[in-house]
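Since the structure comes first, as structure tokens, the remarks are kept for the end.
In the UniProt record's numbering, the protein residues as written are 1 to 66.
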């Protein structure tokens, strides 16, 4: 999707330098990807301690299909 936005030029320059990416488009796409991933992790952290797991659950057996 084509979008025109005004972005802090100093921030873009720093992001290009830190990331090693070559274009503003690459930096913006990476930033959006990382933002989404971090928000998903945050949402998972909100349910921490709210789920009770079966003490007898054996994930190794599940992997073996037993």
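From the three backbone atoms N, C-alpha and C, an ideal C-beta is built for every residue, glycine too.
All values derive from a computational prediction rather than experimental measurement.
DSSP three-state assignment for residue i, whether helix, strand or coil
i, result
"residue 45", "helix"
"residue 57", "coil"
"residue 62", "helix"
"residue 17", "helix"
"residue 2", "coil"
"residue 12", "helix"
Cβ-based burial, residue i [other Cβ within 10 Å; buried from 16]
i, result
"residue 27", "buried"
Same chain, Cβ closer than 7 Å to residue i, neighbours up to 5 away in sequence not counted
i, result
"residue 16", "27"
"residue 30", "19, 21"
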